[in-house]
Structure formats: structure tokens, C-alpha cells
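One structure below.
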Amino acid sequence: MTAVTALPMPGKHYLRGRWLEGAGERFESRNPARWSEVIGIFPQATAAEVDQAVCAARDAYPAWRRTSRIYRAELFDRLAQLIKAETESLAVLMARECGKVLNECRAEIIEGLHMVQYVFGTARMPMGEVLASEIAEKDAYVRRKPRGVAAVITPWNFPFAVPLWMLGPSLLEGNTVVYKPSEDTPAIGQALVALLERAGFPPGVINLVHGAGEVGELLVRDPRVNLVLFTGSYEVGARIQQISAGMVDRICACEMGSKSAVIVCADARLDLAVTASILSAFKTSGQRCVSAGRILVHEKRLEEFAQRFVELARRLNIGDPLDERSFTGPVINEAAVRKISYYNQLAREEGGQVLLDGGRMLDEAHRDGWYMSPFVYRIQHRPQIRCIREEVFGPHVALIPFSTNEEAAAIYNDTDYGLSLAVITEDYRAMRFFREECDFGMGYVNLPCIGAEVHLPFGGVKKSGNGRPSAAGLIETVTHRAAWTVNHGWEIRMAQGLKTDLD
Ligand code: NAP
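Per this note's numbering, residue 2 is the first one in the sequence shown, and the count goes up by one each step.
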């Protein structure tokens, strides 16, 4: 199968190296920019098919972990060549299936490529340690070993790069995988697995099952799955951890949502502050895990900042993802429209002063898709207000005044999340203050709070992540470190002076 077939794509599971129609009900993937366009028709995996997928991954595991790490890496080199050759067709498929604009889709394919290149590059780097022993004749080593079968469960908003953040380190280290993409982006998930097949990953090493949350939950409930690598909302991540709590040898890596923020200090360069804030709040229509739902602005700068920010937000080109001039496209589906509209209304009820009244765009150019325009409001930080604490995942942003850096840090930390932070300042003491005082996983200075690179750890704190970062950081999760001690002496001598005479 090629990576991208003609649309609508015939959806199939991929089990034990075979593409299967599946026995379950069918569901459609549609273009959020033109809802009448069907991208593909996919089978919902049955319990028996999920079971077969886990069996296939279990059966393939012993032979796969015994292959050389360098051999496994070379398959990733082949995958990199295939991704390079298919970048444009994959980007177009992604734009049509998830509504992100072409430039962002290309950037995401390239981010996935970077992960594959990173994995290939690390294969010849040291993968363990040599340590001293108390006994001179003993050599002690730490070796990394794979954990077994991984379930990879991913969201719709980064349907190529995020799966590769997880598949890359897992497969390189000798684990086998059952992958369930989001039901909103099964076509791009299937295209990725078709590339892995073409790169030569053996049957059973990577398996694909389509379907909704129930399919993910069947995988999570299966005790033969050693690792659950999940990216998505806090609610689902918390459920996965709850189900896994009784399985003592189960490891879960959960990367979840956020209420990220930009802090615009009193000395900020305004041009930079406005550009960084627009990108943070409205790129991908606010549907990045790191999107800024809050912009904290020093009270002395709020009037001029708000005026320029709102002026620019009003003029953003929101339109067809395939049109290179579009800044951003639609939101993912009708449920997202309902959720964002709910939070826009909640912000009004909680005392927000609306500066730009966003909502569903129903003019001729937009009415066939799920387009939402930016909603901007000014609000004083107060305890218990939900609209400035909960993740909206859409073009909805609060401008919140502060008077001191201490107050800004306290407001920043006053959510259950801790993922991304941007500080706009010229003051190196202020930068350090926010770095030390705020709870975040990715911090930026004079930049937007979006824009990850794969060789940096990607993970949040509090309800944003459970301390097992993705991308380059994932090697710690997908391997365990085994101690290995070898005696080169002719007799047994023990550490700590332990006696060995048997008389
Ligand atoms: P989601 O609803 O949590 O879904 C994520 C994945 O989990 C999907 O494949 C989903 O399947 C599956 N799922 C749903 N219920 C499940 C269950 N009970 N057991 C196992 N799997 C289940 O998230 P989303 O709407 O796709 O994505 C948006 C969320 O992801 C936002 O909160 C965003 O902040 C977060 N996100 C976080 C990061 C990060 O690295 N921190 C990156 C990107 C996105 P279906 O989609 O088929 O229902």
C-alpha cells in the first residue's frame, strides 16, 4: 500500500503485516473545512481485532528485540527517505483531514521527519554505562532493555509528529507496538503505518487498529500491554492511569492539555509581544496543547497592547487550509464549535469584557466548514473563575492585567495545568524569576509559547503530564535500565565485605 491512496481512502487495520477490512462498524473521516467531503471510511476495531493486534505485537516482540539496534535504526533511515519523498502528499492529506493550513502541515511532517532522523542518529551513540565496582575484578554495566508491547494512543491535532515521537523511540529500543490514531484523523494515521510497512518493519512489529475511544480503552485494559504511551486530554489521561493503577508492571506516559500563557512585562517590546501572542493564541485556531488561553499583560501596557492585539486578531485570514494565504483554518468538528461557544458565553457570564466577539463563521466562504473567529476578552484575575483556568482548545483568549512580576507568576500558576510559558521582556532578571517561579515544561523568552523541537524534552507538570516527556525524552520510559556485573577474578568476592567462606 502506498502512503496516500486516492480519496476517499479505504480504511483498513494493519495486523501481523496484513491490511484487513475489519469486521466492525464503519465510520467516516470528513474534511472540517468542507464537511461534505469524505476523506475515508474506516472500520471500528472489534474486541477480537484488538486482541489479535496485541497477540501480533506479543508474538513479534522476542525476534524484534533480538535484532541489532543498528539494523532497527536503518529501517528508520529508510522511513526518513520515504517521508521526504511524500512530504507534499502527506501535508495535503493532513490539511484535508484535520483542517490545519498547508504550511503547518508541512512543518508537522518535517517535525515527524526530524524525530525519525533523531532516532536514526542516536542508534550509534552509547546506550548504557560502565561503572566501577568495589571489587577490582568486577566490571559493572547498566544496559537499557525494552519493556515489551506498547499501546500508542494519539490525538487528532498532531496526527503525524506526535505518533512518531512515540513510535520512534519505542521501536528503536526493541518494543513492538499497537497504534490507535484518533477517530478524527485515521487517514493520516493509516498513511504513516503504510510508510512504516514500506520501510521494512517486519510483520507484527507495528500494528494499527482504528476506532473511537472504546478501542483505546480495550488496549489500556489489556494486561499484556506493558506500556501505554498516550497524548490527549487530561480526562482521558487520568482514566488511563486509573485503569492501569492495578497493573504493577504497567508504565503509562501521559501528555495532556494545558492553559498555557504569554506574560508581557512592563519593559516588553510591543511589536514582539503582539506577534508572539497572536501566534500563541490563534495558530492552529488555538488547538495546540501549548496554545495560549491567557495573555498576562502589565497594567501599564494593557491599553496599547489590547488595541494592537485586537486589531491584528480581527484581520487574521481564516480560510481554506489548502489556500497558502490562510493563517489558520477551521476547528476540528461540531463538538469543538459547541465547546468553544460554551466557553465564550461562560467568559461573558464570569465578567469578561469582550474586546473581539468571536463565534461560528457562517458567511458563504465559511459556512460549509467548522470555522470559528477569535474571541478576545479582558478580565481581572479572581479565584474560582473557570474560563481562565480550564482548557478551551480553540480561538478563545483572555487578556489579564498584573502589576508586579510576583503577581504575574502567581496568576500563571493558578491553574491545574503546567505546560508552556512565554515571557516577553528585555530584563534578564525577570526572565530568571519566571523560569524559577512558574510551573511549566517548555519555557520561551521573546518567543511564542508554541514551537517544539524533537531533541528537547516535551512534557508538562501538574495535569499537563505525568513526568514522562515525549520525543527525545521518551527513551527513559520505553526502556528499563538493568544492572549487569561480571566477575573477572578466579574467586567470588562480594561488596560490603560480605563473607563468602562456606566452611
Ligand atoms: P482526547 O479526546 O483525549 O483523545 C486522545 C486519544 O485518546 C484519541 O485517540 C482518543 O480516541 C483516545 N481515547 C478517548 N477515550 C479513550 C479511553 N477511554 N481510553 C483510551 N483512549 C481513549 O484528545 P483529542 O481531542 O484527540 O486531542 C486534544 C487534547 O490533546 C487536548 O487536551 C490537547 O491539549 C491534548 N494534546 C496534548 C499534547 C501534549 O503533548 N501535551 C499534544 C497534543 C494534544 P478518539 O479520538 O478516537 O475518541
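We put the CB at the ideal spot given by N, CA and C, even for glycine.
Bear in mind that the values here come from a model prediction, so they are computed numbers and not experimental data.
| query | result |
| --- | --- |
| For the stretch 159 to 178 and the stretch 7 to 22, state whether three or more C-beta atom pairs, one from each stretch, are separated by less than 8 Å. | no |
| Between which two residues does the beta strand (DSSP E) holding residue 256 run? | 252 to 256 |
| Looking at residue 193 and the ligand NAP, is the gap between the Cβ and the nearest heavy atom below 7 Å? | no |
| Cutting at 6 Å between CB atoms, please list the residues of its own chain near residue 128, excluding the five before and the five after it. | 145 |
| Report the residue from 19, 86, 93 whose alpha carbon sits nearest the alpha carbon of residue 7. | 93 |
| If we call anything under 8 Å between Cβ atoms a contact, is residue 507 one with residue 462? | Here the chain covers residues 2 to 504 and nothing more, so residue 507 does not appear. |
| Return the chain-ordered ranges of every alpha helix (DSSP H) run that is complete within the stretch 180 to 204 and spans a minimum of 4 residues. | 187 to 200 |
| Is residue 159 near the ligand NAP - that is, is its Cβ less than 7 Å away from at least one heavy atom of it? | yes |
| Apart from the five residues on each side of it in sequence, which residues of its chain come closer than 7 Å, Cβ to Cβ, to residue 163? | 155, 156, 232 |
| Would residue 401 pass as a contact of residue 386 if the rule is Cβ separation under 8 Å? | no |
| With respect to the alpha helix (DSSP H) encompassing residue 509, which residues constitute its N-terminal and C-terminal limits? | Here the chain comprises residues numbered 2 to 504, so residue 509 is not present and cannot be evaluated. |
| On the DSSP bridge assignment, give the partners of residue 43 in chain order. | 28 |
| Residue 130 lies in the beta strand (DSSP E); which residues open and close that run? | 129 to 132 |
| Can you tell me whether residue 241 sits near the ligand NAP, meaning its C-beta is under 7 Å from at least one heavy atom of the ligand? | yes |
| Just to confirm, does residue 232 get its C-beta within under 7 Å of one of the non-hydrogen atoms of the ligand NAP? | yes |
| Is it the case that the CB of residue 330 approaches a heavy atom of the ligand NAP more closely than 7 Å? | no |
| Helix, strand or coil: which one does DSSP assign to residue 121? | helix |
| What residue range does the alpha helix (DSSP H) around residue 170 cover? | 162 to 173 |
| In three-state terms, what does DSSP make of residue 458? | strand |
| Is any non-hydrogen atom of the ligand NAP found closer than 7 Å to the C-beta of residue 257, if you look at the structure I gave you? | yes |
| Is any non-hydrogen atom of the ligand NAP found closer than 7 Å to the C-beta of residue 353, if you look at the structure I gave you? | no |
| When the Cα atoms are used, what is the spatial distance from residue 319 to residue 325? | 11 Å |
| For the ligand NAP, I want to know if residue 324 counts as a neighbour, meaning its beta carbon is within less than 7 Å of at least one of the ligand's heavy atoms. | no |
| State the CB to CB distance for the pair residue 23 and residue 204, rounded to an integer number of angstroms; the pair is presumed to be in contact (CB under 8 Å). | At roughly 17 Å, the Cβ-Cβ gap does not stay under 8 Å, so residue 23 and residue 204 are not in contact. |
| Is the distance from the Cβ of residue 148 to the Cβ of residue 479 below 8 Å? | yes |
| Can you give me the C-alpha to C-alpha distance between residue 107 and residue 436, rounded to a whole angstrom? | 31 Å |
| Going by DSSP, name the residue or residues bridged to residue 444. | 422 |
| Mind checking who residue 354 pairs with in its DSSP beta bridge? | 379 |
| With 16 as the cutoff for other CB atoms within 10 Å, does residue 228 come out buried or exposed? | buried |
| Decide if residue 416 is buried, meaning its Cβ has at least 16 other Cβ atoms within 10 Å, or exposed. | buried |
| Would the beta-carbon of residue 314 fall within 8 Å of that of residue 279? | yes |
| Which value, in whole angstroms, describes the spacing of the CA atoms of residue 484 and residue 500? | 22 Å |
| Please report whether the beta-carbon of residue 303 lies at a distance below 8 Å from any beta-carbon of chain B. | Looking for chain B here will not work: only one protein chain is present. |
| For the ligand GDP, is there any heavy atom lying closer than 7 Å to the beta carbon of residue 147? | Absence of the ligand GDP is noted for the structure shown, with the ligand NAP being the only ligands found. |
| Return the chain-ordered ranges of every beta strand (DSSP E) run that is complete within the stretch 290 to 321 and spans a minimum of 3 residues. | 293 to 299 |
| Nearest by alpha-carbon distance to residue 450: which of 65, 373, 423, 334 is it? | 423 |
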